[in-house]
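Chains as they are written, first to last, in the working numbering: chain A, 9 to 340; chain B, 6 to 658. By construction, the Cβ of each residue, glycine as well, lies at the ideal position given by its N, Cα and C atoms. This structure is a prediction, so every number in the text was calculated from the model and none was measured. Below is one structure, written out as structure tokens; comments come after it.
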Amino acid sequence: MESDEDEVMQRVPLSERPEWSDVTPVPQDDGPNPVVPIDYKPDFVETMDYFRAIYVADERSSRALNLTAEAISFNPGNYTVWHFRRLVLEALDIDLQVELDFIDNIAKNNSKNYQIWHHRRWVAEKLGTDAADKELEFTKKILSADAKHYHAWSHRQWVLLALGGWEDELDYCRELLEEDIFNNSAWNQRYFVITRSPLLGGLEAMRESEVSYTVEAILAHPENESPWRYLRGLYKGDTQSWVNDHQVSLLCLRVLNTKSNFVFALSTLLDLLCHGLQPSQEAKDVVAALEMSGTVEPDSDLAKSVCFILEHVDPIRANYWRWRKSKLPHAT
Amino acid sequence: MTAAPTKTQQEQWIVENQVFQIFDLFANLPRNAKSALVELQRDNHLEYLTRGLKRLDPSFCVLDANRPWLCYWILHSIALLGDYVEHEVENNVVDFLSRCQDPNGGYGGGPGQLPHLATTYAAVNALITVGGERSLSSINREKVYMFLKRMKQPSGAFRMHDAGEIDVRACYTAISVASVLNILDDELIQNVGDYILRCGSRKLVQMGVAIEECLLKRVIHWIEDSLRLVEKVFADLYNIPDKYLVPKEGNTNISSAEKPSHGKKIRSSPENSKSTNAESKEDAKNAEAETGANVGCNRRVPIEKGHSLLTVRRVLILVLHLVYAHILDMSCGTTAPHRFEESEGSQLDDTGLFPATHSPGGCVRIRGALFPSLGQGKSVQGRSGAGGVWDELEVFSIPNELVLTLMSCQTYEGGISGEPGAEAHGGYTFCGFATMILINEVNRLDLAGLLDWVAFRQGREGGFQGRTNKLVDSCYSFWQGGAFALLQRLHAILDEQLVNFGPQTGVASDISGGEESSDGTQVDDKTCHFKLGGTNASCPVNLNSIGYNFVKQPGEMEALYHRWSLQQYILLCAQDMEGGLKDKPGKRRDFYHTCYSLSGLSLSQHSWSQDEDAPPLPNAVMGPYANLLERTHPLFNVVLDQYYDAHEFFDTP
Chain A
9 MESDEDEVMQ RVPLSERPEW SDVTPVPQDD GPNPVVPIDY KPDFVETMDY
59 FRAIYVADER SSRALNLTAE AISFNPGNYT VWHFRRLVLE ALDIDLQVEL
109 DFIDNIAKNN SKNYQIWHHR RWVAEKLGTD AADKELEFTK KILSADAKHY
159 HAWSHRQWVL LALGGWEDEL DYCRELLEED IFNNSAWNQR YFVITRSPLL
209 GGLEAMRESE VSYTVEAILA HPENESPWRY LRGLYKGDTQ SWVNDHQVSL
259 LCLRVLNTKS NFVFALSTLL DLLCHGLQPS QEAKDVVAAL EMSGTVEPDS
309 DLAKSVCFIL EHVDPIRANY WRWRKSKLPH AT
Chain B
6 MTAAPTKTQQ EQWIVENQVF QIFDLFANLP RNAKSALVEL QRDNHLEYLT
56 RGLKRLDPSF CVLDANRPWL CYWILHSIAL LGDYVEHEVE NNVVDFLSRC
106 QDPNGGYGGG PGQLPHLATT YAAVNALITV GGERSLSSIN REKVYMFLKR
156 MKQPSGAFRM HDAGEIDVRA CYTAISVASV LNILDDELIQ NVGDYILRCG
206 SRKLVQMGVA IEECLLKRVI HWIEDSLRLV EKVFADLYNI PDKYLVPKEG
256 NTNISSAEKP SHGKKIRSSP ENSKSTNAES KEDAKNAEAE TGANVGCNRR
306 VPIEKGHSLL TVRRVLILVL HLVYAHILDM SCGTTAPHRF EESEGSQLDD
356 TGLFPATHSP GGCVRIRGAL FPSLGQGKSV QGRSGAGGVW DELEVFSIPN
406 ELVLTLMSCQ TYEGGISGEP GAEAHGGYTF CGFATMILIN EVNRLDLAGL
456 LDWVAFRQGR EGGFQGRTNK LVDSCYSFWQ GGAFALLQRL HAILDEQLVN
506 FGPQTGVASD ISGGEESSDG TQVDDKTCHF KLGGTNASCP VNLNSIGYNF
556 VKQPGEMEAL YHRWSLQQYI LLCAQDMEGG LKDKPGKRRD FYHTCYSLSG
606 LSLSQHSWSQ DEDAPPLPNA VMGPYANLLE RTHPLFNVVL DQYYDAHEFF
656 DTP
């Protein structure tokens, strides 16, 4: 019932199709001197003219459904057409599984548009929990081509919340991160899973194992911002534990000791100090060593020293680090 | 963790190579050639833009539902360049956009299309950019207001269009339009902040329990409890005559199973209700779960001997809903905007506990918590009397707004996401941030966290990336650079949050005592109502002057990003010398990137002048001083002079 590419290629104009003979096309009311006028192709104009006719007449028929498919294939961004299509689908009581296939087809060309995903969510919502597996599979397919696809991730999160299917999600995150440990979307999803999955024990219960996982990831790539932010997120709402957890400060020191790729280690140390971490002698020594190797004047206030170093090793954020320095609480 | 570079690394290195090649080339050029390269190609840009206004090739078919956007991108770019279109073209813009204006309010993507919030935002901004009586008066503000009200959801958020998607973008475009048109009121802002934040987060943090932990522990406890009740509920349900039950068809296809029953009324016998009531008296929380489950089972769960796994799963989902609802209730306890006692016109069901009010969005209120109904766009027929919640309540629905509202859009990274739970993103961060300022609730954001996140979005290329570990893109010159421009004027709140940055409060969001917001305006009672624990009582504010006061006040500190590097990226890497700007080297120019690169460039040039009316110093402008663009309003992104005219125009009664 839907037009695929072949049909579009040898498209019979609507005006020559007998089933449309009773419809008078409604041209677009662009006025005499439109701005941003688009040099539409004739097929586009005709399809939209017929679409306007049935839209204005509110004709919720199967030919209307087919016409929306044609209009969508010309411009998947036309939310009015999608909206009307939903009205028609509801009126005709169409098998929505078929509708999923239609969306699959449209998404093949370009899935970065709000309408496709909103429509997909609408259909999946109607299908209910049975649709969970298929939806997870669908997003997985999109994500295999573009692992940071924003719409796909949003849809996937919605599916999990609304329809369930949490069982393999943490594994899926692990897989994606094994493939690309820099994939921040996968880290974000991991956070979503450990905080929201009803199958896991929640943030606090997951913290210990997640911290080990994250520490390992950081040590492999200390320049990777994602696990650093994730690590901080693991203590969200519980800053005291974050400051008191030796693993965190130890991690910073380990990275700082290597004297390379240490911007995130240093900025984490700064945050820890701002939140009341009492620096160990080792921390002072490590920072002092970085000062020696650079052009930075040693300072008795460790947090200040850290800001100084950051200002020099991370010049694009020099303003930010200077500002951070100006906001440091007075040395205790 | 493998030795081979990952996809992210490879792509990043490719872009870095391209960019650094350009910089190297530039560095080695003789002086005069250098200045030619960093020159903004005004004439070419203007020509490219003006041409677009007059004709677009067939490839623009995919933007046929975005024509007000095209108008805005082009006209705003022209205005930033300090130029304007011929009077006749201005008239054509007004005529054309009037054809996009819906008789019932708002603007669609083209003539005859459904009104949409994003295109309404674009059309309004375009018309303000054109300016003048004819243009400004062509906007039917009363109707726009009605449109905004129609898009407003009970959760506080907005839908993009009739039955359209809900996200942070919708909040921003709605609030921005209302603010700039001087039609923003308490009704429109109600609970918007809650959507952008997380309802009641402060209270939970104060309790020393992160919502996630609290939530999940309770989920387990509740599921155990509720399962016992569910058994009971099912037993009750078997007493209901078969004709009232949803027949189960084939392979549990809910939608088809449900359809024939749509008009049917399902109600329990009074005995059932009473027994439920008796149960509920034992424990208010359990009762909530129980009655909810009753309703849900009635409506959506096919009944057969022995509960299928599916049924149990659905029940569990419902229980989850109720836990969320419970937490919502708990966390909003002090201000209690959601408690049923306060919901107007609510009707109690026969248990007397649960008002069966149907809110306008087709949602059902149960103990004040909102459950979006499944039949979006359809009105759910609620009846008072014996039926009560046993009527056609589709409680067994997807936890759209409710759950999502509970979850923060400000993510653990510090930036803001499009929907709660999603990844922090530059575009949504700007939208969420600007919205919170316009509704006078910005102190509820963790600004220090936001600043830290956005500071790290500027890369070695000089431009901004949209998300952590993504590639640089010139459009974020505005979205991320805009966040800096906003932060510059929120110095006081930022300071306040830093003072409370102590170990006890955890996140910096726990600020109180904001008697005055940084824009110098004060906060009125109604707004205070939404501020959890805020101490800013008795201070009248005109919501509609927030945007005006905000920009009238000079930045309180230097922009905290590397302005020079950003300008270098825009001029050298994003500029098409033939006219127009692009995402990054190797990409093609387009109107969107032209608009947002220039907007970001303008912000970075004007980002810091002590004296409000003084032009920026030459050292703030990379390249010849003629590169200086017009100032843009950092909240609305319309050129400032045009904004002032519009403000005056709409401010005049």
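Proximal residues of chain B, C-beta to C-beta of residue i below 8 Å
i, result
"residue 240(A)", "417"
"residue 91(A)", "119, 166, 167, 168 and 169"
"residue 234(A)", "473 and 474"
Outcome for residue i when other beta-carbon atoms lying within 10 angstroms are tallied against a minimum of 16
i, result
"residue 153(A)", "exposed"
"residue 583(B)", "exposed"
"residue 100(A)", "exposed"
"residue 362(B)", "Confidence at residue 362(B) is low in this model, with a pLDDT of 28, below 50, so the placement of that residue is unreliable and no value is reported for it."
"residue 206(A)", "buried"
"residue 475(B)", "buried"
"residue 442(B)", "buried"
"residue 591(B)", "exposed"
"residue 58(A)", "buried"
"residue 20(A)", "exposed"
"residue 87(A)", "buried"
"residue 66(A)", "exposed"
"residue 110(A)", "buried"
"residue 430(B)", "buried"
"residue 646(B)", "exposed"
"residue 328(A)", "buried"
Amino acids of chain B, ordered along the chain, whose beta-carbon sits closer than 7 Å to that of residue i
i, result
"residue 161(A)", "427 and 428"
"residue 126(A)", "169 and 170"
Strand pairing of residue i, partner residues [DSSP]
i, result
"residue 595(B)", "586(B)"
"residue 256(A)", "Residue 256(A) is not bridged to any residue."
"residue 146(B)", "Looking at the DSSP assignment, residue 146(B) forms no beta bridge with any residue, so it has no partner."
"residue 120(B)", "113(B)"
"residue 157(B)", "163(B)"
"residue 61(B)", "46(A)"
"residue 477(B)", "470(B)"
"residue 341(A)", "No statement about residue 341(A) is possible, as the shown extent of chain A runs from 9 to 340 and does not include it."
"residue 644(B)", "637(B)"
Within 9 Å, strictly: CB atoms of residue i and residue j
i, j, result
"residue 190(B)", "residue 548(B)", "yes"
"residue 160(B)", "residue 196(B)", "yes"
"residue 227(A)", "residue 263(A)", "yes"
"residue 41(A)", "residue 69(B)", "no"
"residue 498(B)", "residue 445(B)", "no"
"residue 104(A)", "residue 143(A)", "no"
"residue 61(B)", "residue 86(B)", "no"
"residue 552(B)", "residue 494(B)", "no"
"residue 278(A)", "residue 318(A)", "yes"
"residue 580(B)", "residue 627(B)", "no"
Amino acids of chain B, ordered along the chain, whose beta-carbon sits closer than 9 Å to that of residue i
i, result
"residue 85(A)", "67, 68, 69, 70, 71 and 114"
Cβ-heavy atom distance, residue i to the ligand NAP, below 8 Å
i, result
"residue 152(A)", "As far as ligands go, the structure on display features none, and thus does not contain the ligand NAP."
Neighbour list for residue i in chain A, Cβ cutoff strictly below 9 Å
i, result
"residue 100(B)", "39, 40, 41, 42 and 43"
"residue 632(B)", "Correct list: empty, because the minimum Cβ distance to chain A is about 21 Å."
Neighbouring residues, chain A, relative to residue i (Cβ below 8 Å)
i, result
"residue 13(B)", "188, 190 and 191"
"residue 463(B)", "324 and 325"
"residue 570(B)", "324"
Under 7 Å by beta carbon: chain A residues contacting residue i
i, result
"residue 62(B)", "47"
"residue 460(B)", "325 and 328"
Near-chain B residues of the region 298-332 of chain A (beta-carbon distance less than 8 Å), N- to C-terminal order: 323, 324, 325, 326, 327, 328 and 331
Below 9 Å between beta carbons is the criterion; list the residues of the region 26-45 of chain A that meet it against any residue of chain B, in chain order. Hits within the stretch, in order: 34, 36, 37, 38, 39, 40, 41, 42, 43, 44 and 45.
What residues in the region 588-601 of chain B have a beta carbon less than 7 Å from any beta carbon of chain A? Against chain A - using a Cβ distance shorter than 7 Å - the region 588-601 of chain B contributes no residues.
Short-range partners of chain A found in the region 167-200 of chain B, where Cβ spacing is below 7 Å: 167, 168, 169 and 170
Could you list the residues in the region 179-194 of chain A with a C-beta less than 8 Å from some C-beta on chain B, going in chain order? 186, 187, 188, 189, 190, 191, 192 and 193
Closer than 8 Å between beta carbons: that is the criterion. Which residues of the region 105-130 of chain B meet it against chain A? 113, 114, 115, 116, 117, 118, 119 and 121
Output needed in chain order: residues of the region 260-294 of chain A with a Cβ under 7 Å from some Cβ in chain B. 282, 283 and 284
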